[in-house]
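Worksheet: the structure to be examined is printed underneath.
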Amino acid sequence: MSDSVEKAILVGVVLPRSNRWEVEDNLSELKLLAATSGVEVVAELVQERQQINPTYFIGKGKVEELHRLVKQFKVSTVIFDDDLTPAQCRNLENALEVKIIDRSTLILDIFAHHARTREAKTQVELAQLQHMLPRLTRQWTHLSRQVGGIGTKGPGETQLETDRRLVRNRIETLRKELQKIDQRRVTRRQGRKDCFKISLVGYTNVGKSTIMNLLTGSEVLVEDQLFATLDSTVRRIDLIPNVDVLLSDTVGFIRKLPHQLVASFKSTLDEVAEADLLLHVVDVSHPLYQEQIQTVNEVIREIGAGDTPMLMVFNKIDLLKEKSLLTGIKKQYPEGVFISAL
43 MSDSVEKAIL VGVVLPRSNR WEVEDNLSEL KLLAATSGVE VVAELVQERQ
93 QINPTYFIGK GKVEELHRLV KQFKVSTVIF DDDLTPAQCR NLENALEVKI
143 IDRSTLILDI FAHHARTREA KTQVELAQLQ HMLPRLTRQW THLSRQVGGI
193 GTKGPGETQL ETDRRLVRNR IETLRKELQK IDQRRVTRRQ GRKDCFKISL
243 VGYTNVGKST IMNLLTGSEV LVEDQLFATL DSTVRRIDLI PNVDVLLSDT
293 VGFIRKLPHQ LVASFKSTLD EVAEADLLLH VVDVSHPLYQ EQIQTVNEVI
343 REIGAGDTPM LMVFNKIDLL KEKSLLTGIK KQYPEGVFIS AL
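Structure follows, in structure tokens:
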């Protein structure tokens, strides 16, 4: 890769409630997230700890080891697989002299790059600002230079206080804009209340958009990357005689999905909450597909769709190397549908 590509080191922590294999799989996922953002991962660091270090998240000895790796690989960014407190982020930046990013910040950045519609851009910006607000420090680049015309510096205010006020004002503006968008969505959904509504849900990059295209004959964007789909797409399909059936494809879920995103994407996720049937798409070839199922079910409960009828759709069965695995899954999910959507 060229020298202009941003290089990063990934950091994960194994706590008593987790295991090393799970953390290493999380780091593999984090590496995919980094690649989606155009970042080259040059090294990974894992530490086993009984508890989180409140100062650096990892131990001081590991910080020193990490500093040596930063110098060795000449990286500009260190990405942690867990969320850091503002103080931990600041302490690590001072100790390592590079940019520190946590998992939520990285996911929010990817959402910002993939947002195409005004609604998606508004939702992502709101989530980013809510995540940013408690992390503003005196070293922050003055927002007043970036957000011209929104508010003026009050008498006796420090620049930090001005920046915080600018962010709060922008958050309030975005909330009001999303309320208007939500009202328009509610009006549209009321016009579809007599339709039978089916919603595709699942972990990110499991093939939902491909299935959407196969069922509807449409051409929803399909890319082999995380969070290619952010906007909810609704299509009419011929499935039941004399019944209008609508199929929607929504944003994929992921472990440790920032709670700000779930809240900001409420209007989009309402397509799931108001569905008559959920098609839960699973990448059955993934070694941790069971954990992915659990993650999706947790988000579904969080948005109030936990009692909606659900059909499990196991995708990518062609990638299973052992037939015995498929036999076992079919026994576990006798009502499931097994496909290979290409």
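Numbering (the numbering used here), first residue to last: 43 to 384. Note that beta-carbon positions come from the ideal geometry of N, C-alpha and C, so glycine has one too. Model, not experiment: these values are computed from the prediction.
Under a Cβ-count criterion, where at least 16 other Cβ atoms within 10 Å of its own Cβ denotes burial, should residue i be classed as buried or exposed?
i	result
L299	buried
E313	buried
I282	exposed
N133	buried
D384	Looking at the sequence provided, one finds Leu at residue 384 rather than Asp. Exposed.
T229	exposed
R297	buried
Q170	buried
L220	buried
N357	buried
S46	exposed
S241	buried
K373	exposed
Taking residue i as the reference, give the member of the options with the closest Cα.
i	options	result
G378	V355, L367, G370 and L368	V355
L330	L111, I282 and D67	D67
P96	V117, L74 and D125	D125
T119	P128, G101 and L138	L138
Q130	F115, A317 and F99	F99
V248	E90, I381 and A50	I381
L94	W63, R62, F115 and T127	For the record, residue 94 in the displayed sequence is Ile; it is not Leu. Answer by Cα proximity: T127.
Q201	R297, L178 and L289	L178
L288	L320, V304, H301 and R297	L320
D286	G101, C237, T159 and R160	C237
H173	P376, H301 and Y375	H301
F295	L256, V276 and V338	V338
G346	A315, K373 and D325	A315
N255	R226, N284, S290 and Q232	S290
Does the separation of the CB atoms of residue i and residue j fall below 8 Å?
i	j	result
S306	L168	yes
I279	T246	no
S274	T252	no
G244	H322	yes
I359	L353	no
L72	D144	no
E340	V304	no
K239	A317	yes
T164	L216	yes
L75	L148	yes
Using a Cβ-Cβ cut-off of 6 Å (strictly less than) and excluding sequence neighbours within five positions of residue i, which residues of its own chain qualify?
i	result
P197	Residue placement at P197 is flagged as unreliable, the pLDDT there being 44, under the threshold of 50; a coordinate-derived value is accordingly withheld.
L361	S327
I51	A85, L111, V117 and V120
E90	V56
E161	I223
Can you name, in chain order, every residue of its own chain whose Cβ lies under 7 Å from the Cβ of residue i, other than the five neighbours on each side?
i	result
G193	Note that G193 scores 33 on pLDDT, short of 50, meaning its location in the model is unreliable; the coordinates nonetheless yield the value given after this. Excluding positions up to five away in sequence, the list reads R207, L208 and N211.
Near residue i, what residues of its chain come up, given a Cβ to Cβ distance below 8 Å and the 5 sequence neighbours on each side ignored?
i	result
L175	R206, V209, R210 and I213
F115	K49, I51, V84 and A85
Q92	L57 and P58
Y375	M354 and F356
Taking 8 Å as the threshold, find out whether the region 54-67 comes into contact with the region 105-116 through three or more Cβ pairs.
-> no
At least 3 beta-carbon pairs within less than 8 Å: the region 75-88 vs the region 152-170 | yes
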